[in-house]
Amino acid sequence: MKKNLALSLLVASTFAFTAVSMAAAGDKKKKDEAAQTEKKHDTVKVGDKVPDFTATDVNGKAVKFSDYAGKTVVLEWVNPGCPVCKHATESGQVAKMITDAKAIDPSVVFLMVNSTGSTAQNPKATADYLATNKVLASAAIIDGDGKLGHMFDAKTTPAMFVIDSKGVLVYSGAIDDSSNDGETPGKTNYVVNTLTQLKAGETVSPSTTKSYGCGVKYASSNAKSKKG
Amino acid sequence: MAAHLRITASSRALCTRARRESAHASTILQMHRLVHFMKHICSAIACACMISATAPNADAPVQVRGTQWRRLADGRTAIMVQFTVEKEWHMYWMNPGDSGAPPKATANLPAGWKLGRPIWPRPRILKQQDETLFVHEGAWSWLVPIEGATLDQAPNFAIELRLSWMACKQVCVVGKATVTVAPPVGDIEPLAKIVEGSAIPTEVVSEYAIKLESTQPAHFTLAGPAHGASAARFLQAVDAGVSLQCKNPCVATVQDDRIAIDAPVQLRAQDALGQPFAISGLLLLGDKPSDPCLWIRSVVISSATQPR
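Respectively, the protein sequence lines represent chains X and L.
Sequential numbering from 1 applies to the first sequence in the numbering used here.
Sequential numbering from 1 applies to the second sequence in the numbering used here.
Next comes the structure, spelled out in structure tokens:
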């Protein structure tokens with residue numbers, strides 16, 4: 001009798017344990033799916049209105065996207081440690097792009113963003129790098145947690161995103177049509193091309209290109225990699 | 001007896017003469033072999049001397065080992081650039097994936113001559129952190145076709161080939177080299193199907209049905225023999241205005257030794273820049289680097305669906 005009771009209790013507890021485990025797994029799966037859905041929902045694509053965001057610049061000051069309402073905003077992902085980015089900056093290509101852009105639209109805003117985990121930890125290095133190369137940006141954003149980078153799905157440095165004066169993302173991709181390691185600038189700077197078309201009231205074309213350069217090594221990815 | 005002696009003497013003379021002639025012929029043959037061997041040695045030395053590449057070191061993980069001339073299946077000649085990539089570093093396929101940049105080549109060529117679209121061997125699909133990359137590692141070869149007024153001619157002048165590339169590990173470096181490629185000597189060796197362990201793409205043949213449909217919803221279909229492969233994938237290159245909506249590479253279904261892909265495609269006229277929508281890439285059969293891969297390109301023909 002006692003043996004039967006013990007056996008029944010054992011079977012019951014096993015069933016209970018299994019049921020709890022399956023429920024937990026189901027919850028986790030739902031959470032993962034929700035996270036994936038959330039991630040997809042938060043990524044801004046060409047044609048989308050860019051939601052307001054607040055970021056921190058190299059001096060620790062808040063930079064709010066809505067502060068630039070009514071202006072065309074250009075975001076460039078940078079990394080002082082990336083040779084492609086370095087070449088584009090040190091050769092004067094980026095400075096020239098800003099000069100040419102301002103000649104088309106004097107109110108255009110350039111925001112440099114560093115989401116690369118290793119270099120984003122040193123805001124001063126990013127600031128010095130941009131100052132040394134005379135990159136006259138409105139702000140240099142340190143995106144240490146990668147939130148802004150993931151929002152735009154920035155994969156390389158450099159990578160360019162142009163948001164028109166209505167807050168719509170109209171271009172995403174490479175800085176120019178060279179599609180190389182940075183040796184030779186391309187013939188068409190896509191940011192300048194986009195601004196020219198916006199000014200003329202034309203459809204932005206191309207609106208999406210493949211960006212080339214170093215991968216944005218997000219801090220969260222690095223942490224996962226180390227754990228793995 | 002005398003006759004026997006005469007015959008013997010005559011035979012001996014003949015043998016001696018035969019031996020002498022045989023020795024002479026053997027000497028000539030050996031000399032031919034030696035000359036042929038020396039030609040190869042001289043070509044190799046000339047190639048080595050004419051490469052002004054960065055020496056391998058911690059900051060330059062890519063070395064250009066040399067160049068060879070090769071004859072492609074379509075009759076064109078190509079320069080085969082041989083890279084060596086340090087362990088744990090990689091270079092990139094024509095579509096590098098989420099980041100990176102493919103190698104590039106330029107050259108000073110006479111009017112009417114140009115560099116053709118380079119040919120990469122089958123890449124490795126590398127997943128690291130949050131990225132998927134299409135890479136080349138270790139010793140690998142990259143082919144740069146030379147196209148001229150007469151496609152089956154080999155150049156009879158030295159070509160200065162300027163190479164640039166990107167290589168990454170956890171960090172990235174860019175590199176370059178200038179190679180002076182002497183004209184080919186003798187017959188040009190045909191390109192092998194597998195070079196340094198990686199399959200060279202072959203052009204897809206008519207046994208595959210490939211279609212890029214622009215009717216909404218736009219989709220890409222491919223069907224054909226699996227040739228014994230248990231797995232197959234389509235690895236898209238970079239096509240202006242055309243994006244496969246399955247994660248690159250697109251996994252094919254394999255059943256009864258046939259493969260099939262039917263994947264939605266996003267077509268963006270504003271990104272095609274007036275060119276016809278086209279999808280291109282590699283059909284990867286199997287999983288090994290030496291397994292066959294086929295180069296595919298499919299163009300939308302319907303004028304009603306062309307970008308303005």
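The C-beta atom is built at its ideal place from N, Cα and C for all residues, glycine as well.
Paired residues, beta bridge with residue i - DSSP
| i | result |
| --- | --- |
| A199 (chain L) | L:I194 |
| R71 (chain L) | L:T77, L:P190 |
| Y92 (chain L) | L:V135 |
| G173 (chain X) | X:M160 |
| P264 (chain L) | L:H219 |
| F110 (chain X) | X:V74 |
| T106 (chain L) | L:R162 |
| K49 (chain X) | X:V168 |
| T84 (chain L) | L:Q63, L:A139 |
| Q236 (chain L) | L:G281 |
| C172 (chain L) | L:C168 |
| D57 (chain X) | X:I141 |
| N189 (chain X) | X:D176 |
| P145 (chain L) | L:A78 |
| S298 (chain L) | L:I279 |
| L126 (chain L) | L:L133 |
Cβ pair residue i, residue j closer than 9 Å
| i | j | result |
| --- | --- | --- |
| V58 (chain X) | V94 (chain X) | no |
| V299 (chain L) | L244 (chain L) | no |
| V78 (chain X) | T132 (chain X) | no |
| S172 (chain X) | T116 (chain X) | no |
| I296 (chain L) | V204 (chain L) | yes |
| K71 (chain X) | V44 (chain X) | no |
| V251 (chain L) | I279 (chain L) | no |
| A158 (chain L) | A182 (chain L) | yes |
| P118 (chain L) | W142 (chain L) | yes |
| D262 (chain L) | T221 (chain L) | yes |
| P158 (chain X) | A101 (chain X) | no |
| V85 (chain L) | M91 (chain L) | yes |
| G175 (chain L) | V135 (chain L) | no |
| A237 (chain X) | V46 (chain X) | Past the boundaries of the shown model lies residue 237 (chain X); chain X is included only from 1 to 228, so the question cannot be answered. |
| V216 (chain X) | A154 (chain X) | yes |
| V62 (chain L) | A139 (chain L) | no |
| V81 (chain L) | L163 (chain L) | yes |
| V191 (chain X) | M160 (chain X) | yes |
| P206 (chain X) | D271 (chain L) | yes |
| T196 (chain X) | I104 (chain X) | yes |
| A140 (chain X) | N114 (chain X) | yes |
| V74 (chain X) | F65 (chain X) | no |
| G148 (chain L) | K114 (chain L) | yes |
| Y208 (chain L) | L294 (chain L) | yes |
| V144 (chain L) | G116 (chain L) | yes |
| L285 (chain L) | H227 (chain L) | yes |
| W165 (chain L) | P102 (chain L) | yes |
| S161 (chain L) | A107 (chain L) | Per the sequence shown, the amino acid found at residue 161 (chain L) is Leu instead of Ser. Against a cut-off of 9 Å, the Cβ pair of A107 (chain L) and L161 (chain L) comes out as a contact. |
| I175 (chain X) | L169 (chain X) | no |
| S220 (chain X) | D145 (chain X) | yes |
| S214 (chain L) | L282 (chain L) | no |
Rounded Cβ spacing between residue i and residue j (contact assumed at less than 8 Å)
| i | j | result |
| --- | --- | --- |
| P201 (chain L) | R122 (chain L) | 7 Å |
| R76 (chain L) | I188 (chain L) | About 10 Å separates the two Cβ atoms, so there is no contact after all. |
| P292 (chain L) | A231 (chain L) | Contact flag wrong, Cβ pair sits at about 12 Å. |
| V173 (chain L) | H219 (chain L) | So it is not a contact: roughly 40 Å between Cβ atoms. |
| D130 (chain L) | Y218 (chain X) | 7 Å |
| G81 (chain X) | T119 (chain X) | 5 Å |
Interface partners of residue i on chain X, CB under 8 Å
| i | result |
| --- | --- |
| Q270 (chain L) | T203, V204, S205, P206, S207 |
| P96 (chain L) | Y212 |
Contacts that residue i makes with chain L (C-beta to C-beta distance below 7 Å)
| i | result |
| --- | --- |
| P83 (chain X) | C172, V173, V174 |
| Y129 (chain X) | None at all; the shortest Cβ gap to chain L is about 16 Å. |
Contact list for residue i against chain X, beta-carbon separation under 7 Å
| i | result |
| --- | --- |
| S99 (chain L) | K155, T156, G213, C214, G215 |
| E131 (chain L) | G215 |
| V238 (chain L) | K210 |
Under 9 Å by beta carbon: chain L residues contacting residue i
| i | result |
| --- | --- |
| Y190 (chain X) | Within chain L, no residue comes near Y190 (chain X); the closest Cβ sits about 11 Å away, beyond 9 Å. |
Closer than 8 Å: residue i CB and nearest the ligand SAH heavy atom
| i | result |
| --- | --- |
| S206 (chain L) | Among the ligands in the structure shown, none appear at all, so the ligand SAH cannot be discussed. |
Contact residues within the region 163 to 176 of chain X, judged by C-beta distance below 7 Å to chain L: Under the 7 Å Cβ criterion, the region 163 to 176 of chain X contributes no residue.
Where the region 241 to 273 of chain L meets chain X: residues whose CB sits under 9 Å from a CB there: Residues G241, S243, R268, A269, Q270, D271, A272, L273.
Near-chain X residues of the region 136 to 170 of chain L - C-beta to any C-beta below 8 Å: Listed by position, the residues of the region 136 to 170 of chain L near chain X (Cβ gap below 8 Å) are S164, W165, M166, C168, Q170.
Contact list for the region 61 to 82 of chain L against chain X, Cβ threshold 8 Å: Within the region 61 to 82 of chain L, no residue places its CB atom closer than 8 Å to a CB of chain X.
Chain L contacts from the region 58 to 75 of chain X (Cβ-Cβ distance under 9 Å): Taking 9 Å as the Cβ-Cβ cut-off against chain L, none of the residues of the region 58 to 75 of chain X qualify.
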